Structure formats: structure tokens, C-alpha cells
Amino acid sequence: MAVNIKKLPKKPYVIPGHAACPGCPESMGFKYLGMALGDKAVVVIPAGCSSVIQGLWPRQGFGLPILNIVFAAAASTASGLARALKRRGVDAQVVVWAGDGGTADIGFQALSAAAERGEDIIYICVDNEAYMNTGIQRSGLTPYGAWTTTTHTGKKQFKKPMPQIVAAHRVPYVATASVGYPWDFIAKLKKAASIRGFKYIHLHAPCPVGWRFDPSLTAKIAQLAVETGAWILYEYENGKLRLNPPSNRLIDPKKRKPIEEYLKLQGRFRHLKPEDIEMIKKEIETNWEDIIRALKIQGDL
Amino acid sequence: MPKLLAMRGNEAVAYAAKYARVEVVAAYPITPQTIIVEKIDELISKGEMDAEMIHVESEHSALAATYGAAAGGVRAFTATSSHGLMYMYEVLWWTAGSRIPVVMAVVTRAMGPPWNIHVSHEDILATRDTGWLVSMAENNQEAFDLTLQMFRITEDPRVYLPGIVGLDGFILSHTVEPVELPDQETVDEFLPPRRQPYVMEPGEPKAMGNLVPDEYFEELRMDMQQSMENAVKVIREVGREYAKYFGRDYSELVECYKCSDADYIVAGTGSWMGDAKIAADKLREKGYRVGVMRLRWIRPFPWSDVREAAMSKKAVIVMDRSLSTGHAGPLFLELSSALEAKPSMIGVPAGIGGVDISYEDIERFTEKAIQLVEEHGRVYIPAMWYHLGKIFPTYPSSNVKLD
Amino acid sequence: MAVSESEQRRGVVAVIEPGGHKLPLSMAGPGAMGKTGYWRTQRPVVNYERCTGCYLCWLYCPDNVIEMVPGKGPRGQDIPVIDYDYCKGCGVCAAVCPVKAIDMVDESKFLAKEKEEGDGNA
Ligand SMILES: Cc1ncc(C[n+]2csc(CCOP(=O)(O)OP(=O)(O)O)c2C)c(N)n1
Ligand code: SF4
Ligand code: SF4
Ligand code: SF4
């Protein structure tokens, strides 16, 4: 599904004057969500930056119906909502728009259960790699080495492999995406909306505030994450894995930009020692090895 | 034709959900509530109930999914108990604050540790501040009747708050009693199609629950308090209507048994109030004029009914199957405030964690309380704990010395 | 109120009746946080001579304050017009522009200059 940028809907799904920080990846991502799904979407949002970004009553800054909900309950609330709308014969796509904490930590149990039940929802994890709303604390999706306000010397653990964990539930669709590649994210959202059952999209969302970079660089850093191989774009359709551009051209590590280019722009990695960078490279290699192994088993490599 | 069947309290509640044409149920098993979920699942799989069961992984999700379905425009129901209720606590607040009608059964049970599956009111009474309507059944018929009425009350535009029907663990939930089941057609006449203040669906891009100025937040809470006041009126109306359709009158939020000529009132809520009535009769045989005041509704608190029934009495003895540890029983505190502590007030925490309390026990501690009043004149005893036949005066201290 | 069975059946939309309550609902609209243009310290200024009308700044702007006006460029190309009432000055647009057609200029200097020029005209 190729996306023609100029033909994307002009209708505002993110409305000027909302409360996000300058350069916010969550408002950027939400725009694409609206462009892809249009007015069919009803969005469930657990606690996190996106609950605040909507801004202050009596207005709200997203151009879609939003049901805000407690931190741990996004997937279950969306399950109930989707069932109700289906029973009433309403043509809708219920979407969860949750942070990395709301997905990999406190909302994990409800997410896993909704995936196991096969609820007809699109679950989007907006991954800015920490609890930004409460002031940059570590989450299960904070990467190795990153400074947060609860990992002052850098996190010592790796990121939870969320897309693989959800894929292990054998749901029909799992994909990664990045705010640096809107056309890819939009195409994946459209594909997800055409599939019945549980769909999961993991959206990489570099946050200038939490990652300590200049707000103009949000999209660029997102792209660098992909170009250096630190973030990989792929999708599982009925369990079959496929790499998406440009990641499909980056299987050979020599084709990737050096990871340092990605790291050096971010204050959260400023303290890294050479051995930390080695660990980060190891984490990236492990991720790629998993992908390559899966592609080989499928006979695609 | 209505039919009289023998069934457990949990089944009565499950049938009420079916007659109310609930469309989505999300619940998670916990003793002594489990039978409700199982029964509803059975009714659905036999095709007797046209609803969807969401087999959630926890009570937090149970209420969240029920709420999600209700926000999506269908009648939705859940049921829980004890630890399950505490686990969903934040969702209780969220549901009430968003003004989406939902009905839940709470089968009362103790909170651990240690593990204890028996009756206690600490679970249901912990919902007092959440903005839910809270009622308590005395028997299985009432559990059925209150559940059916709760849909109509919560969906009344003057109310638009969720509601809990409480029934005592094991004493009602697992005990077979005769329950009259109505005709579906009559229920359909009594219970109009679902109404709610808004629906979350595609179209108008509104947000439920984004940030508001603090002033508006407080006004939202004031609106909820006003709706609780409205609920008193709506409960009476619906209770009267219920009598027209089904022959049983629920227009009173408080049931008074031989209160009018009584000097002493035994007050409380739940199934043991049946025993309290027997105890009152026994005490009357001994020459004490005793009446019983049963709170059928905890929220809205039946302020004027309680005052009317008990303000001028010599003493009110409050049976509490739970304790606000560090203070007195919750019902004692509530009744003391409603009655301005004008009568002598004696709080009796008892039967906590399922300790069996017979009518003889009630007779015994009530008689003790009456004797204290007759000996000392006005007394104020927040927590005269009754345990295994003995009185244990506990904190906070009373105005008279107990032994 | 008598309701037929079919009316009560699934698919019936709930009756929506706000009942005069205050509700925790907000409606979509601009300025949920006021005129966020006041947050700006840097101002994006588009050089329409250079702009090719590729839509990338429009696509990436996190605040959605760029409108593409069809055919209004000096070479008949579509051009971005920025709503400075709400633009937060993040600079994402400038960073993604493939032909560097957007300059980020200091907002206070820009305003000072604008005022000067305005005074000169008066
Ligand atoms: C039960 C509960 N615990 C804690 C919080 C406080 N809280 C609100 S948002 C948040 C972090 C959100 O992080 P994430 O999900 O990563 O989203 P982000 O803010 O980064 O978008 C926390 C801890 C809460 N609202 N509810
Ligand atoms: S902290 Fe980051 S994710 Fe949160 S609103 Fe600000 S820029 Fe967006
Ligand atoms: S500076 Fe930021 S907010 Fe302003 S137009 Fe450019 S991208 Fe949009
Ligand atoms: S990104 Fe640059 S070239 Fe493309 S439309 Fe915007 S200003 Fe013009």
C-alpha cells in the first residue's frame, strides 16, 4: 500500500493549540493515526503524555473521539468498547494509543489478555522509551545505557522485545513503525484496519524532552534510529515476518550508519563509556539476529 | 406468568442481568461471587441470554471492559467480591466520574490477610466515597429485585451514576431461597431501553476525561452530589413502579420493622437484619420496645428516612460487619452523624470475617446496650465489639465505663 | 412505556440524553492550551523561492499548524503557510525540508525588526 503524501487527508486530526511540548513525537504520530484511519477511529488513551496533550476542557486537541482511561486498563476498556460498537452495528475501529509504560509495564497484563482473546482492536504502543508524563523515569522499554531520572548512571537492562512478545500471542498482525517514516506507519495502520482481530503496532517515538535533544530533530533522530539499525521496521502478518524499507536494505551491518551518529545527538547517552556502546551494539545485533533467524526459517533469506 | 423457583442469591442476580437484557458482561471469578459469572456464561451458551461475555484476566479489566462497553452504548454488567473489588478500585472512581451507568453485584466478603472467603462488609463499604449508588439486599428475592431496579435507576437522566447491589457472601450467595422470576414482557415494560448521557462512537470528536480546570472539576463533583440527591427521589419512584409491575414495593430506602413505638432501634444492613428482627421480637417479649432499621441503601445515604425513624428514640444500636480500623464501624459513624448523636448511640462491630451471629447474639448485645442506657442515661459507645458471646470495649473510648 | 421486543434487541442505539448534567467532556477545537504561538522562541520563515512544495514540512509538523496552499508559490507550486498563532517554533519543519527552504530565526529579534519596520512605515 503506497502512500501518496500529497493525497493524505487535510482534515486536522491534531489540532493547533494542544498541550504537547515543541517537537513532540506523540502529537506527530497521532496525526498519522488520524490520516490513516479517518473518522472511523475511536481512541482509548491511558495515562501518559497523550492524556495531557489533549489540553484543557472545554476543548481538546485531537480530532477524534477519545476515551481517556486509567493507566492499566487501555486494552480492556477498548475490548468492551469494541464489543459494544460491534453489537450495535456501528462501523468503527477501536484503537488504543498507549505509552511504553502503559504497554510494557502497567498495561501489559490487560494487553496480553486482549491479544489472547483476539479482540478486534488496533493497539498502538507509542514508545518514547520512558515514562515521560511523570518526568522521564525508566520503563521496561528504556534501552540499555539510557539515562532517566531513575537510572542516573544509565539503565543496565535491555528493552523488552514487545513486538515479539505480542507476536508470540499469534495475533494476525504485529508491526513496528517510526514517526520518522509516516508513510510506512500510515500504510501499516490501513492494513491493520483491514484485518479483523487483534493488531499491534509499536511506534518508535523519539522525545526531545526525555532524550535530551533539540526539538527540531524528532523526525531526524527517528530516521537515524532506523538507518543505524537501532530500530528495525518490520511486520508479522499471520506470523510471517517481513522487513520493510529501509530496514530491508540494512541486514548487512556495513550498510547501516554507525550507531554513534544516533547516540551522540542525545543527552541521555552522553555519559556512555566505550564498553556501554559495545553493549548497545550487542543489543542491536541480537535484535537483528532474531530477525535474520526468523527470515531464514521462513526460507526468505 | 411469573414463576417461583428455588435458587441461590448468585443465580438470582444472574437472572436479573438476563431479564434486564444486559448485552455485555465482563467478570472474573472470585469466591463467593463466581457462580454469577458461571451462571451468566451458561445462560449465554444455552442461548437463553443474548449477550457477550468478555473473559477478562482480572477484576481491574473486568470493570474496565464493562465500562468500555457501557460507554459504547450498551447495557453492561459485572460482579465481584472482596479482593476483586479492591483490585478494581480506581476504575470505580473512573466509571462514576464519567457518568456512565453500569450495574455491578458485590458479594460481600472479608479482606485478607489471612485468606477468608466469608461474609464481611469491609469490601462493599469501601465503595462509599466513589460516586456509585450502593444498595444491600436482605434476601435473594431482594437481590433480584434491586438488580433489576438498579438498571432503571442508574440510567435515569436525573441520576446517571453507576450502581452496586450488595448481597452477603454465602448467607445469600450460596443459600437457596424461593425467588419469583417475572415475565420478560413485564420487565421490558418496566425497564425502558438504555439511556446514557453520551456514547463513545465515531463521529463527534469529543474527549472524555481530559484535563479540566480545578474549578470545573469541583463542579463535576457537585453535580454528582446533586445526582445522588436526585437518586433518592428516583429510587422511591422506581420502587413504587416496581410494586405496580411485580407486587413488591421498594419505595423505602430504609426498612423499618416495629420502629414506630420502639424506644430502641437496632440498625444495620444486609442479611443479618432478618435475625435482628427475630431478636427484636424476643426482646419485646422481655418487655423492651425494640425496632429494627435496615438500610437498604447506603448511597445515597437515606439521611431524612433515618432521622425520621430514629432521631427521637432513646438509643440506636448499630450493627457493623466491618470496622474502620482506628475508629468505629462505618455505619455507626454514618448514623451518628445523621442522628447528630442525639439518641444514645452504641456501635457494635460483630460477625467480621464471617463469624456466625445468631439472633440470640443480637438479642444479647442489644439487651446489654439497653441496660447500659437504662443505668447511665445517655451513652455514646463507638465500638462495643461483640465477639463469641462477650463484649470487648475498644477504641475510641465511650462516655461510660464498660466493666 | 411499553417497548417491543425488537426495539429492545441488539443494535438499538442507546438513547442519548445529557440530562442537564455537567459532564467531563471536551470538544475538539483549536487552542485547547490557548495561543501556543507565545511559547515560541524560534520562528520558522519559509523561503518560497526555494520551496518545491514537497509537503514534508506539512507532514511532520507536530502541531499541525502548516496549511498547504495549492498553486500559490512563485512557480505555481503548492506552498506551506504557517499559523503563527499556534506554531511552537520547534523547528521540525526546517529540519525535514529537503531544500532548506525554512529558516529558523530568533523570535524576539524578528519581532523587534518587525516593529522597527512597522514604525518606519508609520
Ligand atoms: C495507577 C497509576 N500509577 C501511576 C500513574 C502515574 N503516571 C501517569 S502517566 C505515567 C507514565 C506514563 O508513561 P508512558 O506510558 O511511557 O507514557 P508517556 O508519558 O511516555 O507518553 C505514570 C507513571 C497513574 N496515572 N496511574
Ligand atoms: S515529554 Fe516528550 S512525549 Fe511527552 S509531550 Fe513532551 S515531547 Fe511529547
Ligand atoms: S516550527 Fe514546529 S510547530 Fe512551527 S511550523 Fe515548524 S514544525 Fe510546525
Ligand atoms: S519541506 Fe521545504 S520544500 Fe517541502 S513544502 Fe515545506 S518548505 Fe517547501
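Going down the list, the sequences are from chains H, D and X. Using numbering that gives the first Met the number 0, the letters of the first sequence map in sequence onto residues 0 to 300. Using numbering that gives the first Met the number 0, the letters of the second sequence map in sequence onto residues 0 to 402. Using numbering that gives the first Met the number 0, the letters of the third sequence map in sequence onto residues 0 to 121. Don't be surprised by glycine CBs; every beta carbon is placed ideally from N, CA and C. In this text the structure is predicted, and so the values were computed from the model without any measurement.
How would you label residue i, buried or exposed, when you count the other beta carbons within 10 angstroms and need 16 or more for buried?
i: Ser5/X; result: The predicted model places Ser5/X with a pLDDT of 42, which falls under 50 and marks its position as unreliable; any figure quoted below should be read in that light. Exposed, because fewer than 16 other Cβ atoms sit within 10 Å of the Cβ of Ser5/X.
i: Ser3/X; result: Note that Ser3/X has pLDDT 45, beneath the 50 cutoff, so the model's placement of it is unreliable and no number is given.
i: His270/H; result: exposed
i: His120/D; result: buried
i: Val175/D; result: exposed
i: Gln224/D; result: exposed
i: Ile296/H; result: exposed
i: Gln140/D; result: buried
i: Tyr18/D; result: buried
i: Ala111/X; result: exposed
i: Pro113/D; result: exposed
i: Asp274/D; result: buried
i: Met0/X; result: Because the pLDDT of Met0/X is 39, which lies under 50, any placement of that residue in the model is unreliable, and the number read from its coordinates should be weighed accordingly. Looking at its Cβ environment, which holds fewer than 16 other Cβ atoms inside 10 Å, Met0/X is exposed.
i: Val41/H; result: buried
i: Arg74/X; result: exposed
i: Pro1/D; result: exposed
i: Ala121/X; result: Any reading at Ala121/X must be qualified, since the residue scores a pLDDT of 46, below 50, and its modelled position is unreliable; the value itself is stated next. Ala121/X is exposed by the Cβ-count criterion.
i: Asp213/D; result: exposed
Look at the alpha carbon of residue i and the alpha carbon of residue j, and state the distance between them as a whole number of angstroms.
i: Met27/H; j: Leu63/H; result: 15 Å
i: Gly100/H; j: Gly67/D; result: 21 Å
i: Tyr394/D; j: Leu338/D; result: 21 Å
i: Leu180/D; j: Leu147/D; result: 11 Å
i: Thr324/D; j: Lys389/D; result: 20 Å
i: Phe391/D; j: Tyr358/D; result: 19 Å
i: Gly14/H; j: Gly28/X; result: Looking at the sequence provided, one finds Ile at residue 14/H rather than Gly. Those two C-alpha atoms are separated by around 7 Å.
i: Gly246/D; j: Val24/D; result: 29 Å
i: Ile258/H; j: Gly79/H; result: 43 Å
i: Arg127/D; j: Ile121/H; result: 36 Å
i: Leu160/D; j: Trp96/H; result: 27 Å
i: Val399/D; j: Ser303/D; result: 29 Å
i: Arg288/D; j: Ala72/H; result: 53 Å
i: Ser75/H; j: Lys281/H; result: 36 Å
i: Asp44/D; j: Arg20/D; result: Note that residue 44/D is Ser in the sequence shown, not Asp. Straight-line Cα distance between these residues: approximately 15 Å.
Quick one: grab the DSSP three-state call for residue i.
i: Asp213/H; result: coil
i: Ser50/H; result: helix
i: Phe107/H; result: helix
i: Lys205/D; result: strand
i: Tyr261/H; result: helix
i: Leu404/D; result: The first residue shown for chain D is 0 and the last is 402, placing residue 404/D beyond what the model contains.
i: Thr35/X; result: helix
i: Phe29/H; result: helix
i: Leu371/D; result: helix
i: Pro100/D; result: coil
i: Leu271/H; result: coil
i: Leu42/D; result: helix
i: Arg288/D; result: coil
i: Glu58/D; result: helix
i: Cys86/X; result: coil
i: Glu234/H; result: strand
i: Ala229/H; result: coil
i: Arg116/H; result: helix
i: Lys239/H; result: strand
i: Glu6/X; result: Model confidence at Glu6/X stands at a pLDDT of 47, short of 50, so the residue's coordinates are unreliable and nothing is read from them.
i: Met0/X; result: Only weak support is given to the placement of Met0/X: the predicted model assigns it a pLDDT of 39, under 50, and the value that follows is read from those uncertain coordinates. The answer is coil: DSSP assigns Met0/X none of H, G, I, E or B.
i: Phe150/D; result: helix
i: Cys50/X; result: coil
i: Thr365/D; result: helix
i: Asp183/H; result: helix
Since residue i is in the alpha helix (DSSP H), which residue starts that stretch and which ends it?
i: Trp302/D; result: 302-309
i: Pro162/H; result: 161-166
Could you check whether the Cβ of residue i sits closer than 6 Å to any heavy atom belonging to ligand 5?
i: Met292/D; result: Among the ligands present in this structure, namely ligand 1, ligand 2, ligand 3 and ligand 4, ligand 5 is not found.
What are the start and end residues of the beta strand (DSSP E) that includes residue i?
i: Tyr385/D; result: 383-386
i: Asp213/D; result: Asp213/D -> not in any beta strand (DSSP E); alpha helix (DSSP H) instead, spanning 213-245.
i: Pro45/H; result: 40-45
* Asked: In chain order, what are the residues with a CB under 7 Å from some non-hydrogen atom of ligand 2?
  -> Ala19/H, Cys20/H, Gly22/H, Cys23/H, Pro24/H, Glu25/H, Ser26/H, Cys48/H, Val51/H, Ile52/H, Asn127/H, Met131/H, Asn132/H, Ala204/H, Cys206/H, Pro207/H, Val208/H, Gly209/H
Could you name the residues, in chain order, whose CB is less than 6 Å away from a heavy atom belonging to ligand 3? Pro43/X, Cys60/X, Asp62/X, Val64/X, Ile65/X, Ile81/X, Cys86/X, Lys87/X, Gly88/X, Cys89/X, Gly90/X, Val91/X, Cys92/X
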